[in-house]
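S.K.:
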Amino acid sequence: MGATKTDLFTKKQNELAKMAKAIAHPARIAILQQLIKTNACICGNLVNELGLAQPTISQHLKELKLAGIIQGTVEGTSVCYCIDPKVWQKYQQFFNDFFVAVNELAEGGCC
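So that you can map any letter, position 111 of the sequence shown is 111 in full-length UniProt numbering, and since no number is skipped, the others follow by simple counting.
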């Protein structure tokens, strides 16, 4: 989506698309699942857990952080990451609202 086209959509639509794009890679899903499973900040063990190269994981963490889904804190020479609970809850509500609307449509029949 071009930068000039985002103004055609609501803020909520743009945020939902941003979230969907951020999690639209299996490595990012795996990273998020690991962060959720651990339920704590993770510093360096994602490489061991996921079997991906450090630069690959760093790039995916960067994308997740840019979307606001995760937050990072510097601890010594490492950056520790965890889910941002406020943003996670907001996006969870966005997706719930989206799927409820689709389910209501399906109940009424289509085509």
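Beta carbons: idealized from backbone N, C-alpha and C, even for Gly.
Computed from a prediction, not measured in an experiment: that's the story for all the values here.
For A22, collect the residues of the same chain with a Cβ closer than 8 Å to its Cβ; drop the 5 residues on either side in sequence, then sort them by chain order.
M.R.: Counting from 1 along the sequence shown, the entry for residue 22 is found at position 22. Closer than 8 Å at Cβ, skipping near neighbours: R28, E63, L64, L66, A67, I69.
S.K.: Under 8 Å, do residue 146 and C41 count as touching if we go by C-beta distance?
M.R.: Nothing can be reported for residue 146, as the shown portion of the chain is limited to 1 through 111.
S.K.: Return helix, strand or coil for I31, following the three-state DSSP convention.
M.R.: Taking the first residue of the sequence shown as position 1, residue 31 is located at position 31. In the structure shown, I31 sits in a helix (DSSP, three-state: H, G or I).
S.K.: Grab the span of the beta strand (DSSP E) containing I83 for me, first residue to last.
M.R.: Walking along the sequence shown from the start, residue 83 turns up at place 83. Unbroken beta strand (DSSP E) run through I83: 78-83.
S.K.: Quick one: what's got a C-beta closer than 6 Å to F99's C-beta in the same chain, skipping five residues either side?
M.R.: Residue mapping note: residue 99 aligns to position 99 of the sequence shown, counting from 1. For F99, where only same-chain residues beyond five positions count, there are no Cβ hits under 6 Å.
S.K.: Decide yes or no for the touch test of the stretch 6-22 against the stretch 40-57: beta carbon pairs closer than 8 Å, at least 3 of them.
M.R.: With the cut-off at 8 Å, the stretch 6-22 and the stretch 40-57 do not touch.
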